[in-house]
Structure formats: C-alpha cells, structure tokens
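Colleague: Sharing a structure here in structure tokens format.
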C-alpha cells in the first residue's frame, strides 16, 4: 500500500444529521475533473441509500470502479480520507489512516481538482460539512 503518486487527503467532520428520505444529500470527497457535474476522478461517496450508508470508494475515468469501504458513516464524526493514485494506475483508499482497498480500473486521465462536495437533493433542513484540511500533492 505505497503512498507514492498523486495523494488526495481531507479531514472533514460529517453533518450533524445523516442523509435520509426527508433530508437527502450526497457527500463526495476526492479529486475530480469537474466537481459541479457528474464527476470523473477518484473519491469517497456517502448517501444513505448507496452502499448501505457506508463510504463508497469510486474511481471513474473511461470506466467506473466502485467498492465498499466497510466503514459506515456516522453523524458529526471526523474522518481522515486519503486516496493515492499510483504511477502504475492503481488507486488506493484509506479512512483514518487504515487501508480499505484499491482498484486498477477507472483511472482518470485528465487534470484533477481536490474538493469536498455536499449536494442536497431533498428537504428544507440545512446540512453542512466541516472541512478541516484538504490537499492534493504529488509524492515521488
């Protein structure tokens, strides 16, 4: 699980209430080509109806690779989310410095922007995510 390559890292605190059918949102943390549209890149994704409320690891380039992180998202909780895109076109995902898996497909080839994106789809209750730290670097 080498950390050589493009390294995305964010420390966030999740909203005080989780997504549900009444107040629905998506939380996406990663590196994307264009965060405002259907993303190409690599990121963690949370939504109550996706992956049973656990962080979904996704890599999307010419194809899409998804896998279950095994980590259920909790409200008002700090997470250190790290993604390493290696020179051999593998992408490894870490939550709170623990390795959760990697993929060898869906590797994006365009320049990426580091972001944390909260997308609200339903309900009138405000939701916010606290971003304590965000960085994307090249590690050689």
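Numbering (the numbering used here), first residue to last: 671 to 810.
For each residue, glycine too, the CB sits at the ideal point set by N, CA and C.
1) Can you give me the C-alpha to C-alpha distance between residue 689 and residue 800, rounded to a whole angstrom?
2) Within its chain, find whatever has a CB closer than 6 Å to the CB of residue 766; leave out the 5 residues flanking it on each side and keep chain order.
3) Residues in the same chain with beta-carbon distance under 7 Å from residue 685, minus the five sequence neighbours each way, listed in chain order, please.
4) Relative to the alpha-carbon of residue 715, which residue among 695, 732, 703 and 704 has its alpha-carbon at the smallest distance?
5) Name the one or two DSSP bridge partners that residue 717 has.
6) Which first and last residues belong to the beta strand (DSSP E) in which residue 745 is found?
Modeller: According to the data block:
1) 16 Å
2) 750
3) 745, 797, 798 and 799
4) 695
5) 720
6) Premise fails: residue 745 is in no beta strand (DSSP E) and is neither H nor E.
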